[in-house]
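Per our numbering, residue 245 is the first one in the sequence shown, and the count goes up by one each step.
Take a look at the structure below.
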Amino acid sequence: METVGVGDLVQAAGHAGPWTVLEVRHGMALLEHADGRRLSRRTTTLTVVRKAEPGARTMRAAGEPSGGDAPTLFD
C-alpha cells in the first residue's frame with residue numbers, strides 16, 4: 245500500500261475525484277476537490293492517483309503553526 249501524503253492526488257471510494265490531500269494526521273486525511281468541497285477520510289480508504297512532487301506542499305503539515313490561515317478540519 246502506498247503512503248498518502250500532503251499534495252498527493254487521491255481517489256476516495258464513493259466520491260468523484262480526484263481529491264488533493266491538504267493534511268494528514270492520525271490516520272485521517274483532509275481532502276479538497278477542485279470545486280472547493282472538502283471532506284476527511286481514513287488514509288487506508290484512499291487510492292493514490294498521483295504522488296506530489298518532492299518538496300511541494302499545499303498546506304501546513306501536522307504540528308506546524310497555521311500562520312493565520314483559516315482553520316482546517318483538524319484545528
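Glycine included, every Cβ here is placed at the ideal spot set by N, Cα and C.
Cβ of residue i within 8 Å of any chain D Cβ
| i | result |
| --- | --- |
| Lys295 | Absent from the structure is chain D; it holds one protein chain and no more. |
Residues near residue i by beta carbon distance below 7 Å, same chain, minus five either side
| i | result |
| --- | --- |
| Thr291 | Val254 and Gln255 |
| Ala257 | Thr289 |
Distance CB(residue i)-CB(residue j) smaller than 8 Å
| i | j | result |
| --- | --- | --- |
| Glu276 | Arg282 | yes |
| Thr289 | Gly271 | no |
Spatially closest choice to residue i from the options, by CA coordinates
| i | options | result |
| --- | --- | --- |
| Gly249 | Ala257, Ala273 and His259 | Ala273 |
| His259 | Asp279, Arg269, Glu246 and His270 | Asp279 |
Cβ shell of residue i (< 8 Å), same chain only, five flanking positions each side left out
| i | result |
| --- | --- |
| Arg294 | Asp252, Leu253 and Pro262 |
First and last residue of the uninterrupted beta strand (DSSP E) at residue i
| i | result |
| --- | --- |
| His259 | Note, His259: premise wrong, no beta strand (DSSP E); not H, not E. |
| His277 | Met272 to His277 |
Same chain, Cβ closer than 6 Å to residue i, five either side skipped, listed in chain order
| i | result |
| --- | --- |
| Asp319 | Model confidence at Asp319 stands at a pLDDT of 48, short of 50, so the residue's coordinates are unreliable; what they give is reported in the following sentence. Same-chain partners within the cutoff: there are none. |
Nearest-angstrom Cα separation, counted from residue j out to residue i
| i | j | result |
| --- | --- | --- |
| Ala305 | Glu297 | Only weak support exists for where Ala305 lies, its pLDDT of 47 falling under 50; the coordinates are left without a value. |
| Leu266 | Glu246 | 17 Å |
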